[in-house]
Each structure stands twice: as structure tokens, then as C-alpha cells.
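Per the UniProt record's numbering, the very first residue in the sequence shown carries number 1; after that it's consecutive. Glycine included, every Cβ here is placed at the ideal spot set by N, Cα and C.
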Amino acid sequence: MELFKGLGTAARAGFIAGALVIVAGAAMALWWVLSPDYQLLFGGLRETDAAEIAKSLKDWKVPYRFADGGRSIEVPADQVYDTRMKLVSEGVPSGGHVGFELFNDSDFGVTEFAQRVNYQRAVQGELERSIAALPGVQSVRVHLTIQRPGLFVGQDDSSKASVVVGLAAGESLTSAQARGIRNLVASAVEGLSPSAVVVLGPGGVLQGGNSGEDGAWDQDEERNAFEKRIRENVNDLLGSVFRLQNFRVSVDVQLNFDKVHRVSERVIAQGDGGNGLVKHKRVTRTGGGTSGTGEAPATSNQEEVDYAHGSEREELVKAPGRIERISVAVLVPSTLSSFDLGRLRRLVTAAAGLDPERGDVLEVTPMVQAEEGLDGDVASVKAASSLDARDPVAIPAKSNQLRIPPAFWLVLVGGACLLCGWWLSRLVQPPPKRHRPEERDAILAKMRKWLAEGGDAA
């Protein structure tokens with residue numbers, strides 16, 4: 001304390017500032033070490049799912065915090081996996097769909113009508129859960145109209161169903177997925193055919209892929225899939241020879257979706273002369289009595305023959321989706337010779353499955369090579385995962401900021417404290433001692449005496 005009182009005003013201010021810096025740094029280091037490390041529990045949540053998870057965590061007294069605008073929930077790192085397994089075992093989040101758990105607390109006094117309604121609600125909820133698990137599906141609603149057998153034949157109407165699917169941003173429902181949803185719903189309801197299921201997408205648009213009784217499917221989807229398959233075959237072939245930006249492939253397929261049912265019958269000739277086999281033969285002979293003139297009586301023979309012929313019946317059914325024509329256009333580098341172009345045409349013809357007799361067209365044309373660097377490398381884009389933007393799937397913990405171990409901060413704060421201590425020690429160092437006048441005079445006398453003795457010696 002006496003040392004602090006002996007300091008000047010500037011020294012006191014510096015001492016206080018340094019002490020505050022040391023205390024603040026130590027407090028920050030202690031907070032950093034003792035504060036829990038939060039990691040992602042679930043991501044990509046809807047508001048209803050996030051609220052349901054938060055309620056369960058609050059009941060279990062598990063600390064949590066929201067991230068990503070409320071679409072993600074984080075918990076302490078040492079409780080991530082236990083909490084996640086506990087939520088899954090409890091069926092949280094349920095997604096707002098109620099399934100067969102409706103019958104967990106069923107009452108024996110419930111009427112038959114109420115039981116039917118609960119059963120229909122349970123089936124709708126289970127179907128909604130199944131459809132909501134598909135990639136890209138954000139919300140789903142299922143409405144069933146289940147017809148019960150009546151007393152009369154005319155009352156046995158067929159069941160119907162409608163499905164409304166909400167998709168995440170940037171997602172689309174393909175015709176194959178729409179057909180899958182129809183067959184899924186039809187298989188879960190007795191007496192329901194896929195043609196009686198209506199699937200609506202975003203904006204209330206009727207989704208394609210309607211597979212009715214005739215088994216027809218969406219024509220555009222079929223043609224696009226066929227063109228994509230041929231294009232991939234040709235790209236794989238040319239990609240082993242050229243760089244991806246050095247060639248281009250275009251494919252156009254014309255399909256015939258007309259269903260043809262042709263029946264033909266013809267007679268099969270058998271026997272001698274091709275007249276057929278003799279089935280029945282009858283000969284009738286007629287003749288007159290004795291003639292008065294003495295001439296021989298007149299006779300006549302009548303022959304009737306029935307032939308049996310074989311017949312052949314042929315029924316030909318041509319399924320829809322027949323290939324009418326395939327057109328393939330390929331742009332290749334201009335450095336290829338005529339011989340190389342000929343071999344390339346044969347390779348592309350085989351890879352694309354072209355048939356000249358069918359009228360397929362192949363055009364291979366050299367192109368002028370663009371300047372280097374104008375076109376970037378074409379990277380193959382593949383589906384990432386099947387994490388659903390809606391599903392509360394567990395996303396691996398990945399922080400945007402660099403993870404620095406707490407020991408580094410302790411060393412940094414300790415070094416700062418040592419530096420501040422050294423600076424304070426220099427700051428509070430007592431000033432040099434000042435001599436009194438008599439002491440100063442004595443020292444000067446000694447110095448004069450030394451100088452005088454040195455001059456005499458010289």
C-alpha cells in the first residue's frame with residue numbers, strides 16, 4: 001500500500017488498468033473453460049416440430065438453444081446422443097400425424113361408427129408419416145373415402161383417396177414418385193385401386209404418372225428417362241476419349257404410345273388339293289324302271305362331300321411406348337480425321353442402340369475448339385444425400401468457426417498476464433535515490449581529489 005501511495009498519478013492509473021485487464025482475462029478464460037459446448041441435435045425442423053422437441057427438452061430439464069432461425073436445436077455436446085435416442089424412442093417429433101396410437105387408450109364403450117372413424121384417421125396418419133419420409137416432401141395430407149359393403153349391389157361403390165403433397169424449396173415430384181404414392185395408398189386401403197387416388201402437388205397441380213387400369217404412364221417422363229439413359233451411355237463412351245468440355249451430345253427420342261390390339265384369323269388348308277379333310281361323304285344314285293322302248297333305264301349319281309378345315313386365330317397386342325425413331329447429334333473436336341470420325345460414328349451407333357432400318361439418325365460434326373479458359377470444367381452433379389429439408393434428421397455437428405482448444409486460450413491469457421505484470425513492475429519501480437547537498441559536495445570533493453592525483457602522477 002505504501003508503494004502504491006508513492007506512485008504518481010499516471011503510474012496509479014496504469015496499475016489499475018493493468019489489474020483490470022488481468023482480472024477480465026482470467027474471467028473470460030474461466031468462462032470459456034466452464035461453459036458447455038453445444039452441438040446440433042436436429043436440423044431442418046418445421047416450427048411445429050421444433051416446438052414439440054423444445055417442450056420435451058424443457059420437461060426433461062435438458063438445456064437447449066435455437067439456431068438457424070429456429071430451424072435447428074442445439075444441446076450440450078455430452079448429451080447429444082442420449083437426448084436424440086430418447087426423443088426417437090418417445091416418437092418426438094410426431095410430425096403432427098396421429099397413427100394407430102389412437103387405439104392405445106380406446107374405450108370399450110365406443111360405438112362402431114366412432115371406431116370406424118378412428119380407424120380411418122389412423123390409416124390416414126400412418127400414410128402421411130410414410131409419404132412424409134420421402135426425400136423433398138415437407139408436408140402431406142391424406143384424405144380417404146372408404147366405402148363399406150352395403151346390403152344391395154348398387155351400394156358397393158369403390159373407395160377413393162386424395163393426397164396433397166407440399167415440397168421443400170427447389171424440390172419437385174416426379175411421375176415415378178407420384179405413381180409410387182398412388183400404389184402405396186392403394187395397397188394400404190382395401191378395395192382401393194391406384195386409378196382412384198389423386199395426387200396434388202404445390203399450387204394444387206395434379207401430378208403426372210397416373211397409372212390407370214390400362215397401365216399407361218406419363219409420356220414426357222418416359223421419353224425424358226429414355227433420352228437421359230442414351231445420353232449417359234454416349235457421354236460415358238466419349239468421356240473416356242475426350243475431355244467433357246470438348247464434346248456435346250444431344251438425343252431426341254420419338255415414342256409411340258398408341259396401344260394396338262390386332263386379331264387375325266385364317267383357314268388352314270389340309271388334305272389332297274388343299275380342300276381340307278373329308279368329314280362326311282354321301283352318294284345318292286337314282287334310276288328309272290324298264291323303258292317301253294326297250295332302252296336301258298336312265299340313272300343319276302349325286303355326291304355330297306363335307307370338308308373340315310382348320311382355323312388359326314392370332315391376337316397381337318402392342319404395348320404403348322414403342323420407339324419410332326432415335327436422333328443423336330454429337331459435336332466433337334475439329335482435330336479428328338475422317339477415319340477417326342468414321343470409327344466414332346460406329347461407336348456411337350452401338351452405344352445408342354441405333355437402327356438405320358427404323359429410321360434412326362446420327363450426326364457427328366466437328367466443332368471449332370473454343371479458346372482455352374472460356375468454358376469451365378463441367379462437373380458431375382450427383383444427389384447429396386437424402387437428407388430431407390423437412391425431416392428433423394440428425395445433421396453432423398459442423399461449426400462455421402474454427403474450433404480452438406481451451407488450453408490455447410489459457411496459454412494466451414497467461415502470457416498476457418505475465419506481460420502486464422512486467423509492465424506494471426517497470427511502472428511501479430521506485431525512482432532513483434537523490435543525494436542530499438552535503439552528500440553531493442562530499443562526492444564532488446572525492447572526484448576532484450581523484451582527478452588531482454591523476455594529474456600529479458602524469
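Every unbroken alpha helix (DSSP H) inside the stretch 65-139 [4 residues or more]: Correct list: 80-89 and 112-132.
Opening and closing residue of the alpha helix (DSSP H) in which ARG223 lies: Taking the sequence shown and counting its residues from 1, the one referred to as residue 223 is at position 223. That run of the alpha helix (DSSP H) goes 219-239.
Reference SER172, options LEU134, VAL413 and GLU190, closest by Cα: Position 172 of the sequence shown, counting from 1, holds the residue named residue 172. The residue with the shortest Cα to Cα distance from SER172 is LEU134.
Assigned secondary structure, ALA329 (DSSP; H/G/I helix, E/B strand, else coil): Residue 329 sits at position 329 when you count from the first residue of the sequence shown. ALA329: strand per DSSP, three-state reduction.
Meets three-Cβ-pair contact criterion under 8 Å: the stretch 241-257 and the stretch 319-329: The stretch 241-257 is in contact with the stretch 319-329.
Rounded straight-line distance, which links the Cα of VAL263 to that of ASN301: Against the sequence shown, residue 301 aligns to sequence position 301. Against the sequence shown, residue 263 aligns to sequence position 263. Rounded to whole angstroms, ASN301 to VAL263 spans 43 Å at the Cα level.
Beta-carbon gap between GLY125 and VAL98 smaller than 7 Å: As a first step, residue 125 is located in the sequence shown; it is residue number 125 there, counting from the start. As a first step, residue 98 is located in the sequence shown; it is residue number 98 there, counting from the start. Contact flag set, yes.
Cα-Cα separation, LEU57 to GLU47: Taking the first residue of the sequence shown as position 1, residue 57 is located at position 57. Taking the first residue of the sequence shown as position 1, residue 47 is located at position 47. Between the alpha carbons of LEU57 and GLU47 lies a gap of roughly 15 Å.
Where the beta strand (DSSP E) through GLY166 begins and ends: Translated into the one-based positions of the sequence shown, residue 166 becomes position 166. Run containing GLY166: 160-167, per the beta strand (DSSP E) assignment.
Status (buried if at least 16 other CB within 10 Å, exposed otherwise) for GLN245: Residue 245 sits at position 245 when you count from the first residue of the sequence shown. Burial state of GLN245 is exposed, judged by a 10 Å Cβ sphere holding fewer than 16 other Cβ atoms.
Contact between the stretch 228-242 and the stretch 347-354 (3+ Cβ pairs under 8 Å): Taking a cut-off of 8 Å on C-beta distances, the stretch 228-242 touches the stretch 347-354, as three or more cross pairs fall below it.
Integer Cβ distance of LEU347 from PHE247, believed to fall under 8 Å: Reading the sequence shown from its first residue, position 347 is the one you call residue 347. Reading the sequence shown from its first residue, position 247 is the one you call residue 247. Their Cβ separation, rounded to whole angstroms, is 12 Å, which puts LEU347 and PHE247 out of contact at 8 Å.
Coil, strand or helix - VAL62 by DSSP: For this step, residue 62 is matched to residue 62 along the sequence shown. DSSP places VAL62 in the coil class of the three-state scheme, outside both helix and strand.
Cβ-Cβ distance between ALA186 and SER175 below 7 Å: On the sequence shown, residue 186 is found 186 positions in, with the first residue counted as 1. On the sequence shown, residue 175 is found 175 positions in, with the first residue counted as 1. No Cβ-Cβ contact shorter than 7 Å links ALA186 with SER175.
Beta-carbon spacing of ILE146, GLN177 below 7 Å: As a working mapping, residue 146 is identified with position 146 in the sequence shown. As a working mapping, residue 177 is identified with position 177 in the sequence shown. Between ILE146 and GLN177, the gap from beta carbon to beta carbon reaches 7 Å or more.
ASP360 - DSSP class collapsed to helix/strand/coil: For the purposes of this step, residue 360 is identified with residue 360 of the sequence shown, where counting begins at 1. In the three-state reduction of the DSSP assignment, ASP360 falls in the coil class.
From ALA114, LEU362 and GLY191, residue whose alpha carbon lies closest to that of residue 460: Residue coverage of the chain in this structure runs from 1 to 458, which leaves residue 460 outside it and unanswerable.
Segment limits, beta strand (DSSP E) that includes PHE42: As a working note, residue 42 is residue 42 in the sequence shown. Counting along the chain, the beta strand (DSSP E) containing PHE42 begins and ends at 38-42.
Coarse secondary structure for THR286, derived from DSSP in three states: For the purposes of this step, residue 286 is taken as residue 286 along the sequence shown, with counting starting at 1. Strand.
First and last residue of the uninterrupted beta strand (DSSP E) at residue 464: Residue 464 is absent from the structure shown; the chain starts at 1 and stops at 458.
Endpoints, beta strand (DSSP E) assigned at GLY200: The residue you call residue 200 lines up with position 200 of the sequence shown. Reading the sequence as shown, one finds Leu at residue 200 and not Gly. Boundaries of the beta strand (DSSP E) harbouring LEU200: 197-200, taken from the DSSP string.
Rounded straight-line distance, which links the Cα of PRO356 to that of ARG322: Here residue 322 is taken as the residue at index 322 of the sequence shown, counted from 1. Here residue 356 is taken as the residue at index 356 of the sequence shown, counted from 1. Our two residues, ARG322 and PRO356, have alpha carbons roughly 16 Å apart in a direct line.
With 16 other Cβ atoms within 10 Å as the buried cut-off, status of ASP360: Counting from 1 along the sequence shown, the entry for residue 360 is found at position 360. Label assigned to ASP360: buried.
Buried or exposed by the 16-neighbour rule on C-beta atoms within 10 Å, applied to ARG182: Within the sequence shown, residue 182 is the residue found at index 182, counting from 1. Its Cβ being crowded by 16 or more others within 10 Å, ARG182 is buried.
Residue 462 classed as buried or exposed, judged by whether at least 16 other C-beta atoms fall within 10 angstroms: Nothing about residue 462 can be reported from this structure: the residues present for the chain run from 1 to 458 only.
Neighbourhood of GLY180 by C-beta distance below 6 Å, restricted to the same chain and skipping five residues each side: The residue labelled residue 180 in the question sits at position 180 within the sequence shown. Non-local beta-carbon contacts of GLY180 in its own chain, meaning distances under 6 Å to residues more than five positions away in sequence, are absent.
Reduced DSSP category for TRP450 - H, G, I as helix; E, B as strand; rest coil: Locating residue 450 in the sequence shown gives position 450, where the first residue counts as 1. DSSP places TRP450 in helix when its eight states are reduced to three.
Beta-carbon spacing of residue 460, PRO366 below 7 Å: Look at the range of the chain in this structure, 1 to 458, and you will see that residue 460 is not part of it.
Under 7 Å between C-beta atoms of LEU40 and GLU74: By one-based count along the sequence shown, residue 40 stands at place 40. By one-based count along the sequence shown, residue 74 stands at place 74. Contact flag set, yes.
Cβ-Cβ distance between ALA161 and VAL205 below 7 Å: As a first step, residue 161 must be located in the sequence shown, where it is residue number 161. As a first step, residue 205 must be located in the sequence shown, where it is residue number 205. Cβ distance not < 7 Å, so ALA161 and VAL205 don't count as in contact.
Where GLU303 sits in the DSSP three-state scheme: Looking up residue 303 in the sequence shown gives position 303. DSSP, read as helix, strand or coil, puts GLU303 in strand.
SER139 and GLY166 closer than 7 Å at C-beta: Walking along the sequence shown from the start, residue 139 turns up at place 139. Walking along the sequence shown from the start, residue 166 turns up at place 166. Yes, these two residues count as a Cβ contact at 7 Å.
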